Amino acid sequence: MIFKGVKTLKMTSNKIKISNLTPKRVYYIRVRPFAMYENREEVYGAFSKIRKITVK
């Protein structure tokens, strides 16, 4: 699946609240873990499965 209008968020916790979403619209979300080492090098893991979420 090709994403259009992709927004990227980097976070340090396991939860995030995404605000300003349009009601009754479908969003597709996937996550990707990363680790940052002492030398500021970022190592990424694999993407999760795509989740389809409908905003109420």
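If you read the sequence shown in the working numbering, its first letter stands for residue 136, the second for the next number, and so on.
The C-beta atom is built at its ideal place from N, Cα and C for all residues, glycine as well.
Values in this document were obtained by computation on a predicted structure and should not be read as measured data.
Have a look at Glu173, Pro158, Arg160 and Pro168 and flag the residue whose alpha-carbon is nearest the alpha-carbon of Thr143.
In this structure, Pro168 is the residue among Glu173, Pro158, Arg160 and Pro168 with its C-alpha nearest to the C-alpha of Thr143.
What did DSSP end up calling Ala170 once you bin it into helix, strand or coil?
Strand, per DSSP.
Do you know how far the Cα of Val178 is from the Cα of Tyr162?
Whole-angstrom Cα-Cα distance: 27 Å.
Less than 7 Å separating the beta-carbons of Ile164 and Ile137?
No, they are not a contact pair.
Give me the residue from Lys159, Ala170 and Lys184 with the minimum Cα distance to Ser148.
The residue with the shortest Cα to Cα distance from Ser148 is Ala170.
Rounded to whole angstroms, what is the Cα-Cα separation between Glu176 and Val166?
A direct Cα-Cα distance of roughly 19 Å separates Glu176 from Val166.
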